[in-house]
Every structure is written in structure tokens, then in C-alpha cells.
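K.L.:
There are 2 protein chains.
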Amino acid sequence: MLRRSLENRDAQTRQLQDAVTNVEKHFGELCQIFAAYVRKTARLRDKADLLVNEINVYACTETPNLKQGLKNFAEEFAKLQDYRQAEVERLEAKVVEPLKAYGTIVKMKRDDLKATLTARNREAKQLTQLERTRQRNPSDRHVIVSFDFSLKKCFVRYAVQK
Amino acid sequence: MLRRSLENRDAQTRQLQDAVTNVEKHFGELCQIFAAYVRKTARLRDKADLLVNEINVYACTETPNLKQGLKNFAEEFAKLQDYRQAEVERLEAKVVEPLKAYGTIVKMKRDDLKATLTARNREAKQLTQLERTRQRNPSDRHVIVSFDFSLKKCFVRYAVQK
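Those protein sequence lines, which keep their order, are chains R and L. For what it's worth, the working numbering labels the leading residue of the first sequence as 1, then goes sequentially. For what it's worth, the working numbering labels the leading residue of the second sequence as 1, then goes sequentially.
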């Protein structure tokens with residue numbers, strides 16, 4: 001029963017490792033593409049700002065009616081760029097930064113898993129040793145009880161780490 | 001009176017030349033910036049397409065609920081990119097191309113103005129010659145009438161070109 005539960009845990013650990021690797025890969029990709037998307041949006045805003053300036057300069061050389069129309073257009077277009085600026089800041093703060101934070105989170109999870117794996121291996125080794133002792137010397141109660149005790153300690157440590 | 005009308009036309013020609021130069025300068029600038037704006041929009045669309053792909057790939061590795069949510073988001077985001085594509089095509093066809101066409105229009109107007117200027121100079125020269133003939137030989141009706149006639153032909157040609 002102990003061996004089966006160990007095998008179960010083995011499968012669980014593998015599953016967790018796969019999940020962490022998957023998140024690491026895809027969140028990294030997503031973070032990069034989102035950051036590129038934000039940069040392109042910022043560049044589009046810059047070009048639009050240039051356009052607003054040029055339309056204003058041209059408007060100044062034109063007749064009053066056309067001038068007014070051009071100025072109005074430039075003003076509305078500039079407002080759109082303010083929204084675009086807000087979009088850039090928002091994406092940066094609410095999407096790119098949290099995705100970046102997953103870099104550290106994934107690293108921490110990987111360390112946790114490593115510690116768990118080390119504890120699990122130590123436990124499996126002691127279990128093998130206990131069974132070997134039992135087979136070799138079934139009447140040696142003293143050694144068997146001592147092993148059993150240290151194995152239980154191991155389980156407790158493992159459970160705490162989990 | 002003839003001299004004054006010639007001076008008036010001189011001022012008009014200068015005004016037209018200034019207007020053509022102004023349009024040439026500003027429409028050229030506007031055309032370039034609009035073209036750059038369209039290019040940046042197209043690049044933003046490309047990045048967003050990449051993002052849609054990556055979100056779909058990531059969705060496939062996730063649990064059913066999250067998968068569905070991600071797929072929905074990717075789908076809506078892809079629709080936005082369709083609108084962006086329409087924006088690119090529309091700006092290209094309705095703004096950049098017409099502004100480009102002004103290159104040829106400005107060139108034609110400049111040629112027109114040059115022809116007008118040549119005609120005007122010829123006219124002025126003949127007017128000077130006519131007055132000189134009048135002062136030198138007030139009684140020589142034959143030469144004066146012939147000059148007057150050729151000057152009128154000049155005016156007609158100028159009016160047609162205008």
C-alpha cells in the first residue's frame with residue numbers, strides 16, 4: 001500500500017512538473033508577444049501624433065473654413081491618441097507586468113518541486129532499506145521499529161513541504 | 001489700364017504659384033505620414049495575429065473551462081484584427097492613393113502656370129513695343145493697328161489657357 005501511494009505521488013509530481021513547464025513556456029511566449037503588441041501600439045500613437053502636428057501646420061496655411069475643419073479633425077484625432085496612450089499604459093501594467101511576474105513564480109514552484117522530489121527519493125530509499133532489513137532479519141524488532149519511525153518522520157516532512 | 005490689369009494678373013499668378021507650392025509641400029508630408037501610419041497599423045495587426053495564434057496554442061494545453069474562455073477571447077481578438085485589416089485597406093485606398101495622386105496634379109498645375117507665365121511675358125513685351133512705336137511715330141496707323149491685333153490674339157490665347 002505504501003509503495004502504491006508512492007507511485008501515485010510519483011505520477012502527481014510528474015503532472016505538476018509538466019504543468020509548470022507548460023506555463024513557463026506559454027506564459028513566456030505570451031509575455032513577449034504582448035510586450036511587442038504594446039510597443040507597436042506605442043509606435044502607432046507616435047506616428048499619429050506626427051500626423052496631428054502636420055495637419056495643424058497645414059491648417060494654418062489654409063482658408064478659414066478649411067482651417068477650422070482641419071483643426072477639428074486634428075483635435076479629435078489627438079483625443080484618439082490619448083486613448084491609445086491609456087491603452088499602452090494599461091496593457092503594460094495589467095498584462096505585461098503580471099505575465100513577467102510569472103517568471104519568478106515558476107522558478108519558485110520549480111524549487112518547491114525539487115525539494116519535494118528530494119524528500120520523496122530519500123523516503124523511497126529508506127523504504128527499500130526497511131524491507132531489506134525485514135527480510136534479512138525478521139525478528140530484529142529494534143532496527144525495524146527505528147526505521148519505521150524515521151520513515152514516518154520523513155512522511156511528516158513531506159506532508160509539511162506539500 | 002492695360003498695365004494695371006497686367007500687374008493684377010501678375011499678383012494672381014504669384015498667389016497661384018504659392019498655393020501650388022504650399023499644397024505640394026504639405027500634401028507630400030501628409031502622404032508620407034499617412035503611409036507610415038498605415039504601415040504601423042499593419043504591423044500592429046500582424047503582432048495581434050501572432051498573439052491570437054499563441055493564445056489558441058496555449059488554450060489547447062489547458063483545462064476545458066479555461067480553454068473555452070481563452071478560445072473565446074482569441075476569437076474576439078481575431079475579429080478586431082479583421083477590422084484593423086479593413087482600416088488598413090480603406091486608408092490605403094481612400095487616403096494614401098488620393099494624396100499620392102496630388103503629386104501628378106501639382107505637376108500639371110505647375111506646367112499650366114509656366115505656360116501662362118510665358119504667355120504673359122510675351123504679352124508684356126509686345127505691349128512695351130506697341131507703346132514705344134506709338135510714341136516714336138504717332139501717325140503710323142498701319143504698324144500700330146497690326147501690333148494691337150497681335151496683342152489681342154495674345155490675350156485670347158491667355159484666356160483660353162486660364
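By construction, the Cβ of each residue, glycine as well, lies at the ideal position given by its N, Cα and C atoms.
#1: Chain L partners of E29/R, CB-CB under 7 Å?
#2: Helix, strand or coil: how does DSSP classify S139/R here?
#3: Between the alpha carbons of K125/L and L6/L, how many angstroms are there, rounded?
#4: For T61/L, decide whether its Cβ has a neighbour in chain R, counting only Cβ atoms nearer than 8 Å.
#5: Whole angstroms are fine: how far does the CA of K100/L sit from the CA of R110/L?
#6: Check whether the segment 38-53 of chain R and the segment 75-82 of chain R are in contact - that is, three or more C-beta pairs closer than 8 Å.
#7: What's the call for H142/R, buried or exposed, on a 16-neighbour Cβ count within 10 Å?
#8: Does DSSP put T41/L in a helix, a strand or coil?
#9: With a threshold of 8 Å on Cβ separation, who are the neighbours of D10/L within its own chain once the five nearest residues in sequence on each side are excluded?
#10: Closer than 8 Å is the cut-off here; do at least three beta carbon pairs connect the segment 88-107 of chain R with the segment 16-36 of chain R?
#11: Quick one, are the C-beta atoms of T41/R and E89/R less than 8 Å apart?
#12: Pick from D140/R, N53/R and L113/R: whose alpha carbon is nearest that of Q17/R?
#13: Tell me the residue span of the alpha helix (DSSP H) that contains K94/L.
#14: Give the interface partners of I33/L over in chain R, defined as CB-CB distance under 8 Å, in chain order.
#15: I'd like to check one pair, L117/L with R84/L: are the Cβ atoms closer than 8 Å?
#16: Compare the C-beta of A86/L with all C-beta atoms of chain R and state if any pair is closer than 8 Å.
#17: Anything in chain L within Cβ reach of R43/R, meaning under 9 Å, just list it in chain order.
#18: Counting pairs of Cβ atoms below 8 Å between the segment 54-69 of chain R and the segment 57-65 of chain L, do you hit three or more?
#19: Taking DSSP as the reference, what is the three-state secondary structure of E62/R?
#20: Excluding the five sequence neighbours on either side, which residues of its own chain have a C-beta within less than 7 Å of the C-beta of L70/R, listed in chain order?
#21: Is it the case that the Cβ atoms of A35/R and V96/R are separated by a distance below 8 Å?
#22: Alpha carbon to alpha carbon, what distance is there between T13/R and N163/L?
#23: Got a sec: is the Cβ-Cβ distance from Y58/R to anything in chain L below 8 Å?
#24: Using the rule of at least 16 other Cβ atoms within 10 Å of the residue's Cβ for burial, across every protein chain shown, is F149/R buried or exposed?
#25: Pull up the distance between the alpha-carbon of T128/L and that of Q135/L, whole angstroms please.
#26: Buried or exposed: which applies to A93/L, given that a residue is buried once 16 or more other Cβ atoms fall within 10 Å of its Cβ?
#27: Using CA coordinates, which residue listed in R132/R, V145/R, K153/R and K107/R is at the minimum distance from K25/R?
P.N.:
With the structure as the only source:
#1: E54
#2: coil
#3: 12 Å
#4: yes
#5: 16 Å
#6: yes
#7: exposed
#8: helix
#9: R120
#10: yes
#11: no
#12: L113/R
#13: Here K94/L belongs to no alpha helix (DSSP H), and DSSP marks it neither H nor E.
#14: K47, L50, L51 and E54
#15: no
#16: no
#17: K40, R43 and L44
#18: no
#19: coil
#20: I55, Y58, A59 and E62
#21: yes
#22: This structure does not reach residue 163/L, given that chain L is present from 1 up to 162, and the question cannot be answered.
#23: yes
#24: exposed
#25: 11 Å
#26: exposed
#27: K107/R
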